[in-house]
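Letter by letter, the sequence shown follows residues 241 to 344 in our numbering.
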Amino acid sequence: MDKGQMKKGVLEMSILYTLTTDELYGYDIMRRITELFPEINESTVYAVLRRLHADGCTECYVGEHSGGPKRKYYRVTPKGMEELRKMLSEWRDITGAMEKLGIK
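Here is the structure:
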């Protein structure tokens, strides 16, 4: 099993899931993800964000100017929600199989 591919998939799923509850700017997404996965560096989070955007799973917009630099906010698109549903289904299948084997 390619450990990198598995981590990439979990990271993509985590970012999309995070964006289902809030529209967030890049730094806030990165901060939330690295709190949960401290071994993931900032550049990896931003690379996944760019890829999700390029794939049409997220869209972004520039938020209202608040006295500081303009911030690019991200939200999940309908395509992103469909991809997330697929990812979550696969995740549940994998974790369910592991639990049946006694791995928790």
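Heads up, the beta-carbon is just placed ideally off N, CA and C, and yes, glycines get one too.
Exercise for the section: Would you tell me roughly how many angstroms separate the C-alpha atoms of MET253 and MET327, rounded to the nearest one? Expected result: 6 Å
Handout entry: Cβ pair LEU341, THR298 closer than 9 Å
Key = no
Practice task
Inspect the beta-carbon positions of GLY296 and GLY320 and report whether they are closer than 9 Å.
Solution key: yes
Handout entry: First and last residue of the uninterrupted beta strand (DSSP E) at LYS312
Key = 312-316
Practice task
Within 10 angstroms of the Cβ of MET246, are there 16 or more other Cβ atoms? Answer buried if so, exposed if not.
Solution key: exposed
Exercise for the section: Note down, in chain order, each residue of its chain lying with its Cβ closer than 7 Å to the Cβ of ARG315, except the 5 sequence neighbours on either side. Expected result: LEU259, GLU263, THR298, GLU299
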